[in-house]
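Residue numbers (this note's numbering), protein chains in the order written: chain A, -8 to 248; chain B, -8 to 248; chain C, -8 to 248; chain D, -8 to 248. Idealized CB from N, CA, C, for every residue including glycine.
There are 4 protein chains.
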Amino acid sequence: MSSAPEAPTTRIATERPDDVIIRGKSLCRDLIGKFGFTEMILWQVLGREPDKGDTAVVDACLVALMEHGLTPSAVAARLVYSSAPEALQAAVAAGLAGVGSVFAGSMEGCAALLARVVAAPDAAAEAKRIAAEHKAARRPVPGFGHPTHKPDDPRTPRLFAVAREHGRAGRHLAAVEELGRAVDAAVGRHLTINATGAIAAVLGDIGVPAEIMRGFALISRCAGLVGHLHEEQAQPSIRALWRAAEAALPYAGPSPK
Amino acid sequence: MSSAPEAPTTRIATERPDDVIIRGKSLCRDLIGKFGFTEMILWQVLGREPDKGDTAVVDACLVALMEHGLTPSAVAARLVYSSAPEALQAAVAAGLAGVGSVFAGSMEGCAALLARVVAAPDAAAEAKRIAAEHKAARRPVPGFGHPTHKPDDPRTPRLFAVAREHGRAGRHLAAVEELGRAVDAAVGRHLTINATGAIAAVLGDIGVPAEIMRGFALISRCAGLVGHLHEEQAQPSIRALWRAAEAALPYAGPSPK
Amino acid sequence: MSSAPEAPTTRIATERPDDVIIRGKSLCRDLIGKFGFTEMILWQVLGREPDKGDTAVVDACLVALMEHGLTPSAVAARLVYSSAPEALQAAVAAGLAGVGSVFAGSMEGCAALLARVVAAPDAAAEAKRIAAEHKAARRPVPGFGHPTHKPDDPRTPRLFAVAREHGRAGRHLAAVEELGRAVDAAVGRHLTINATGAIAAVLGDIGVPAEIMRGFALISRCAGLVGHLHEEQAQPSIRALWRAAEAALPYAGPSPK
Amino acid sequence: MSSAPEAPTTRIATERPDDVIIRGKSLCRDLIGKFGFTEMILWQVLGREPDKGDTAVVDACLVALMEHGLTPSAVAARLVYSSAPEALQAAVAAGLAGVGSVFAGSMEGCAALLARVVAAPDAAAEAKRIAAEHKAARRPVPGFGHPTHKPDDPRTPRLFAVAREHGRAGRHLAAVEELGRAVDAAVGRHLTINATGAIAAVLGDIGVPAEIMRGFALISRCAGLVGHLHEEQAQPSIRALWRAAEAALPYAGPSPK
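This is the structure in structure tokens:
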């Protein structure tokens, strides 16, 4: 490696013998016992001072995303844990590696579309344009539709209700609803705004940048995986999952000559 | 794979078209907007109904562990992210893989010792025995001492204060203090109860099993890493870290003939 | 972080504008086109000059370990890949996280026992002692037994044949056979020396330290996982695996009131 | 999860009590002791029968990519290992998570461009078009340029020589050279074809699909990381790397009031 002079710095934290300084606050005097975990997440990630509405919206998102049954990510974490029980952290890491573009990533894709609608002079026209583009390209609109939660994702109205209750429903929430109407019209049937679409909207309305939204999914899902692994500690499921996988994907190659 | 009949089940979650059931509660009716994130963690991982004292203690632990500057884990996550920015989740996973026996794991080691003290008929004698065993084996006592936080880890009294304030200081907290006295006497100088020792005690006093304590470190540190990666998105530090690593670990092998 | 002066160095590699030096050899002049991959692995990891017998033994071990069907590790990698196809590397990483104490780790456990047998004045007596200890503790002897490969793991005689053919069968191979006789006598029925036991022996006989043996499993399994993910690229199995996992581990918790 | 009937199968492997079948060959009769590791990789990943030229080209690529000093990936693996020495596999996984779009991924980007050149009726014109497009977009051409290896990456001519020597230099190698001329002309100075560009060409000429090329980088780098961790076992560098990282990225945030 070589080249280009650079002198980056960090504005996050530094330690002293008698304290840890986090974005200018004293961990021991200002944070432990003063901030709840969600407030601390907002402080650590975004440098936000505690605010009841922000915290309520983020709490609702983190609660909504934590658990969704035996997701591919939960199954991967359980398999890795029972193969390597010496390292709980590696099993959580393996599960989180699956919180990617197909699941959590749709949040970012939806956020990018909402940004277009919010920025457009005519929101309804922009929403129609987006729906038409995706239809023409035969691509699903990120944040819409769900294989199980039909006709409507039940998490979405709850997330919107929390945002409204705390006065945090803004232009992104309006934009996702506008987009929903356009999508339904374009496809000719109702597609639900799913939880990642709803979260893209409500996090957008409290000013969370799109590029770090996936981080909130990771924090929430991390806790979900810890729950699965605690159950795995009491009752290993690896044999049952392994057998099921072998049966689900049988060998169809040739036999040796 | 083969053998042993088994019919394991999960008691965590299942999905329905109109809801997600988590340990018997309705995600949409009972949890989103009702539980804070910390309460939800306690529900997901331990099946605990919300309780103000439990929540306060866990909040304090999660706040205390989130951030400690450029830890090896944070550096690893930053290096991986700037090498593979397509996958924020993989960088968080890489960082979490380092939350292992040397750092978070000392929590479990300390919890095991506290369990011995709590179970002993004579706590002071058991604490002395533990201190003597470690001295004889020249092994550090997990949960004691800190390279930076000298003479005392400033997080420890804050964690104890939160536990006391909420009436959750119990036998594990007493045990870690007993053990602290025994350790100081055995080594002949003061060694601080560090944050992982303090957390082992206060989580123990609210009934968190030792084998899943590391999970709480992972949840907290996950959020810490997301903060580091959000900073890395704005200002990549990979070149500076890379150059520094090369300078810190120079090549000392032979030259080609 | 602080303390203790240290000036560590690396003896592995350094780069120059016109070359990369690896353990004192020129990558461009001495290695590319001159060393096969297995020879390069031996050079990189152990600093060994190419040797036909070493290479044959390591080739046999790497070939033997690469693939074993839909292992938990392969299933985890496939699930993560189809959840996050933007990052092939993260899916491989997730799969490798499962190459741990339960599977590959038994190699190290067996190697430790073989070291005892090799070092003992009376190998047969030491082997009996080890078998008796494990029987008394009701612990399986690492490197022995296999759920599918009964009565004998067919990879073991092939690995031993390669070692013998190249004059590399030594005291570790003799030790594992001695231990096999003792184990059979102690349990009162035949338990096969499994592939990890055989590999512990043959790698031990070419001088691979026990603490890095798991690394050879990782290199081999890494290639195995790449094969699974290439198949997953052509034909995603995530839905089939997901459904199978849900069926294998049904929800048995309460319903919401 | 729900929906769409599917009955996927695998053509990779299945186990029997007395054998493991891998793509129709018997592991014990046809592979162990018969195939070298590189041949086995080609069999596992691509279903290729052993061929001296293929093997030589892949050996050269795997040897060329294994090691490049203290890369971000190697540093991450070392930091994770010394933080969690209970899990060598997790440290290797963390390092591999960094073998992504910035480094190994440029191979795929270059392969996509080579496919365009190869498919074009006029290769030189297509190469010029590609160079012009990247110049206009101010994007680097994947596979070209290197911060250290200037003016030329010394690995490239060696890789090309191996391909030529075994009669495997074909249209992709010609295409990357054509593209190199076009890039130099467009930027007005010489930019080297770097190792990932060269590997994209030579793997392309033996028919490795672009989408799995990154897998070869992972296999090779996996071995490189095992070497770093074996050195880390003997001489931990975590303190030196940690201190260096803290110095390289100092805290520049505010102080507590």
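Cutoff 9 angstroms: residue i Cβ touching any chain B Cβ
i                      : result
residue 207 of chain D : no
residue 43 of chain A  : no
residue 187 of chain A : no
residue -7 of chain C  : Its pLDDT being 41, under 50, residue -7 of chain C is placed unreliably by the model, and nothing is read from it.
residue 135 of chain A : no
residue 25 of chain C  : no
residue 181 of chain A : no
residue 58 of chain D  : no
residue 35 of chain C  : no
residue 1 of chain C   : yes
residue 232 of chain D : yes
Beta-carbon gap between residue i and residue j smaller than 9 angstroms
i                      : j                      : result
residue 54 of chain A  : residue 209 of chain A : no
residue 218 of chain B : residue 57 of chain B  : yes
residue 145 of chain D : residue 9 of chain C   : yes
residue 85 of chain D  : residue 67 of chain D  : yes
residue 296 of chain B : residue 147 of chain B : Shown here, chain B extends from -8 to 248; a query on residue 296 of chain B therefore has no answer.
residue 132 of chain A : residue 182 of chain A : yes
residue 12 of chain C  : residue 242 of chain B : yes
residue 237 of chain B : residue 60 of chain D  : yes
residue 92 of chain D  : residue 76 of chain B  : yes
residue 200 of chain B : residue 221 of chain A : yes
residue 16 of chain C  : residue 247 of chain B : yes
C-beta neighbour in chain C for residue i, strict 9 angstroms
i                      : result
residue 13 of chain A  : no
residue 63 of chain A  : yes
residue 98 of chain D  : no
residue 217 of chain D : yes
residue 89 of chain B  : no
residue 120 of chain B : no
residue 40 of chain D  : no
is_contact[residue i, chain D] using C-beta, thresh 9 angstroms
i                      : result
residue 146 of chain C : yes
residue 228 of chain C : yes
residue 202 of chain B : no
residue 73 of chain B  : yes
residue 242 of chain C : no
C-beta neighbour in chain A for residue i, strict 9 angstroms
i                      : result
residue -4 of chain D  : Only weak support is given to the placement of residue -4 of chain D: the predicted model assigns it a pLDDT of 45, under 50, and the question is left unresolved by the model.
residue 92 of chain D  : no
residue 220 of chain D : no
residue 50 of chain D  : no
residue 8 of chain B   : yes
Reference residue i, options the options, closest by Cα
i                      : options                   : result
residue 99 of chain C  : C:0, C:187, C:46          : C:187
residue 127 of chain D : D:10, D:177, D:133        : D:177
residue 175 of chain C : C:231, C:30, C:4, C:122   : C:122
residue 1 of chain B   : A:131, A:69, A:115, A:119 : A:69
residue 135 of chain B : B:158, B:214, B:96, B:114 : B:96
residue 228 of chain D : B:63, B:-1, B:226         : B:63
residue 226 of chain C : A:240, A:180, A:247       : A:240
residue 215 of chain B : A:25, A:44, A:7, A:38     : A:38
residue 29 of chain C  : C:76, C:15, C:49, C:40    : C:49
residue 202 of chain C : C:23, C:103, C:19         : C:103
Sheet register partners of residue i (DSSP bridge)
i                      : result
residue 17 of chain A  : A:12
residue 62 of chain D  : Paired residues: none, contrary to the question.
residue 184 of chain C : C:135
residue 7 of chain A   : A:10
residue 242 of chain D : A:1
Residue i: CB within 8 angstroms of a non-hydrogen atom of the ligand GDP
i                      : result
residue 128 of chain D : What this structure holds is no ligand at all, so the ligand GDP is not there to describe.
Can you give, in chain order, each stretch of the alpha helix (DSSP H) that sits fully within the region 149 to 185 of chain C and has at least 4 residues?
Within the region 149 to 185 of chain C, the complete alpha helix (DSSP H) runs of at least 4 residues are 162 to 178.
Just to confirm the assignment: which complete alpha helix (DSSP H) runs, minimum length 4, are found wholly within the region 186 to 230 of chain D?
Within the region 186 to 230 of chain D, the complete alpha helix (DSSP H) runs of at least 4 residues are 186 to 196, 201 to 225.
With a floor of 4 residues, list each alpha helix (DSSP H) that falls wholly inside the region 74 to 107 of chain D, ordered by position along the chain.
Runs of the alpha helix (DSSP H) inside the region 74 to 107 of chain D: 79 to 87.
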